[in-house]
Every structure is written in structure tokens, then in C-alpha cells.
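> Top line first, the protein sequences correspond to chains X and G. With the working numbering as the guide, the letters of the first sequence map in order to residues 2 to 114. With the working numbering as the guide, the letters of the second sequence map in order to residues 2 to 121. Beta carbons are placed, not taken as given, at the ideal position from N, Cα and C, and that holds for glycine. Quick caveat, the model's predicted, so the values are computed rather than measured.
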Amino acid sequence: AQSVTQPDIHITVSEGASLELRCNYSYGATPYLFWYVQSPGQGLQLLLKYFSGDTLVQGIKGFEAEFKRSQSSFNLRKPSVHWSDAAEYFCAVGDGGYNKLIFGAGTRLAVHP
Amino acid sequence: NAGVTQTPKFRVLKTGQSMTLLCAQDMNHEYMYWYRQDPGMGLRLIHYSVGEGTTAKGEVPDGYNVSRLKKQNFLLGLESAAPSQTSVYFCASSYPQGAGTSGLYTGELFFGEGSRLTVL
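#1: At 7 Å on the CB atoms, spell out the chain X contacts of G:Glu80, in chain order.
#2: Quick check on X:Gly105: does DSSP put it in helix, strand or coil?
#3: Please list the residues of the stretch 39 to 71 of chain X that have a C-beta atom closer than 8 Å to any C-beta atom in chain G, keeping them in chain order.
#4: Could you list the residues in the stretch 16 to 35 of chain X with a C-beta less than 8 Å from some C-beta on chain G, going in chain order?
#5: By a C-beta neighbour count over all protein chains shown, 10 Å radius and 16 as the cutoff for buried, is X:Asn100 buried or exposed?
#6: Would you check if the distance between the CB atom of G:Ser116 and the CB atom of G:Tyr34 is smaller than 9 Å?
#7: Would you say X:Asp86 and X:Leu45 are within 9 Å of each other, going by their C-beta atoms?
#8: Sorry if obvious, but does the Cβ on G:Leu77 come closer than 8 Å to a heavy atom of the ligand SAM?
#9: Are X:Tyr33 and X:Phe52 touching if we call contact CB-CB under 9 Å?
#10: Mind listing the chain X neighbours of G:Ser122? Cutoff is C-beta to C-beta under 8 Å, in chain order.
#11: Tell me, please, which residues DSSP counts as bridged to X:Ile12.
#12: In its own chain, which residues sit with a C-beta less than 8 Å from the C-beta of X:Ala111, not counting the 5 before and 5 after it?
#13: Have a look at G:Leu105 and X:Trp36 and give me their C-alpha separation to the nearest angstrom.
#14: Whole angstroms are fine: how far does the CA of X:Cys24 sit from the CA of X:Thr31?
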């Protein structure tokens, strides 16, 4: 069965520092992969997605992610974090059609000034 | 353009009571979903619908019922609430694959702001 693992429950970084959030997936075929962000009290917003082609994908708010098939990973990165990036981040994999998604448990990001 | 709207946003129930969560979307999306979010577990799919009049079970459907009588609305019902159903519920909608307005498939789900339900 498909699954998504986000190994880090909480991450704290200083403003201006670089960020990498880890995501590992389990899926038999070429996966559809997504990163969503949830600000406190809000719904989820799509940051970026990977379907095929270039393994480095760019998203909104300066985020990027790299698909590595050999490592079954889709890590999210940002070169310089802003205080407004504090939120919870979810990695997800497409689950067999109809745009259904399987989500990881999430990583909560705190940003220190 | 409101997007996806959920009502109510907060509700407290006693064990055994019933209630309905309403989700409304104004984007003419074919697909709609109900997820629940619990700490440390991410979001899990309860039920989904791929068109008016159709519903299907997701990963955690027990204790819930749904209806999609109109394309823009997707209702989630709890017939006899249990404390295990205390959660934050999210509705989402999307276009079918390959059928966006520009012919492009985005695969994006559009989420409401959530409904926090507490069952005592």
C-alpha cells in the first residue's frame, strides 16, 4: 500500500537560514507527489507538485522540491526562511486516481527571529 | 469567489448526538472530498465523490455518511457521534484529471478552512 513518511515532527530554524523538510514515499509506479502548507487555523494550500519530467520542481513562496526515485524521496527546500513560513507542511502522494491523496503526518516548522 | 466553504466552523456534541457538516464549492469542480486531521496522523480520507449523485468510501469511512445531491455541495453526516470522532474536518474539491479550464491537469485539491468538532 502507498504511504508517506515525514521523519521530522518539529523543526526550528532561524530566520534567513536554509530549510530542508524530508519526505519519503512508498509507491509502486511513478508517483504523483505534492507538498501542501497549512497556516494556523487555515486550510491547506498547494506549494508544488511533481508528475513527471524535470525532477527539480519550483513552487510558490520560493520553495522547491527534488524528486529522487532511487531514494524514494521528495524533499522540500528553501534557501532562506522568512518568519511567515512558520506553518505545518504536508507531503502527499496520489492514491490511484480521482486526485485522492495520501498525506504524511506533517512537519511543524517554527522560525526564530 | 469564495472557493470552498465549510459550515459550521466549530461544534461541540455529546456522545450519541447527530450532526451534518456542509461543504460548498463555487468552482464547478467535479470531485469533492472529506478528510479528517488528527495530531501526528496527517489527513485521512473519509469519503469522496466524483460527481453529483455519487459517493465512495475512503480510508476511514466508519461512523460517517455522505451525500452529494447537488454538484456544489458535499455533506458529511455523523449519525451517532463518538469521542473518537473528535477531530478537525476538511472538505476539498478538484477538477477531474486533464479537465481543467485550460485543458491542463493540475492535480490540485482546494481546501476549506476546516471544521473543528469535539465530541464529549
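Let me spell this out:
#1: The residue labelled residue 80 of chain G in the question sits at position 79 within the second sequence. Residues of chain X whose Cβ lies closer than 7 Å to the Cβ of G:Glu80 do not exist, since the nearest Cβ in that chain is about 24 Å away.
#2: Here residue 105 of chain X refers to the residue found at position 104 of the first sequence. Residue state, collapsed to three classes: coil.
#3: Listed in sequence order: Gly42, Gln43, Gly44, Leu45, Gln46, Leu47, Lys50, Phe52.
#4: From the stretch 16 to 35 of chain X, only Tyr33, Phe35 have a Cβ closer than 8 Å to chain G.
#5: In the first sequence, the residue the question calls residue 100 of chain X occupies position 99. Answer is buried; the Cβ neighbour count reaches 16.
#6: Your numbering for residue 116 of chain G matches position 115 in the second sequence. Your numbering for residue 34 of chain G matches position 33 in the second sequence. Their beta carbons are not under 9 Å apart, which means G:Ser116 does not touch G:Tyr34 by this criterion.
#7: Taking the first sequence and counting its residues from 1, one reaches residue 86 of chain X at position 85. Taking the first sequence and counting its residues from 1, one reaches residue 45 of chain X at position 44. Taking C-beta atoms as the reference points, X:Asp86 and X:Leu45 fail to come closer than 9 Å.
#8: Only the bare structure without any ligand can be found here, which leaves the ligand SAM out of the picture.
#9: Locating residue 33 of chain X in the first sequence gives position 32, where the first residue counts as 1. Locating residue 52 of chain X in the first sequence gives position 51, where the first residue counts as 1. Taking a C-beta distance under 9 Å as the contact criterion, X:Tyr33 and X:Phe52 qualify as a contact pair.
#10: Given a span of 2 to 121 for chain G in the structure shown, any question on residue 122 of chain G remains unanswerable.
#11: Taking the first sequence and counting its residues from 1, one reaches residue 12 of chain X at position 11. X:Ile12 pairs with X:Leu110.
#12: As a working note, residue 111 of chain X is residue 110 in the first sequence. Counting only residues of its own chain and dropping the five nearest sequence neighbours on each side, X:Ala111 has a CB closer than 8 Å to the CB of His11, Ile12, Thr13, Val14, Ala87.
#13: Working through the second sequence from its first residue, we reach residue 105 of chain G at position 104. Working through the first sequence from its first residue, we reach residue 36 of chain X at position 35. Residue placement at G:Leu105 is flagged as unreliable, the pLDDT there being 48, under the threshold of 50; the coordinate-derived value follows with that caveat. Their Cα atoms are separated by approximately 19 Å.
#14: Mapped onto the first sequence, residue 31 of chain X falls at position 30. Mapped onto the first sequence, residue 24 of chain X falls at position 23. The straight-line gap from Cα to Cα measures roughly 16 Å.
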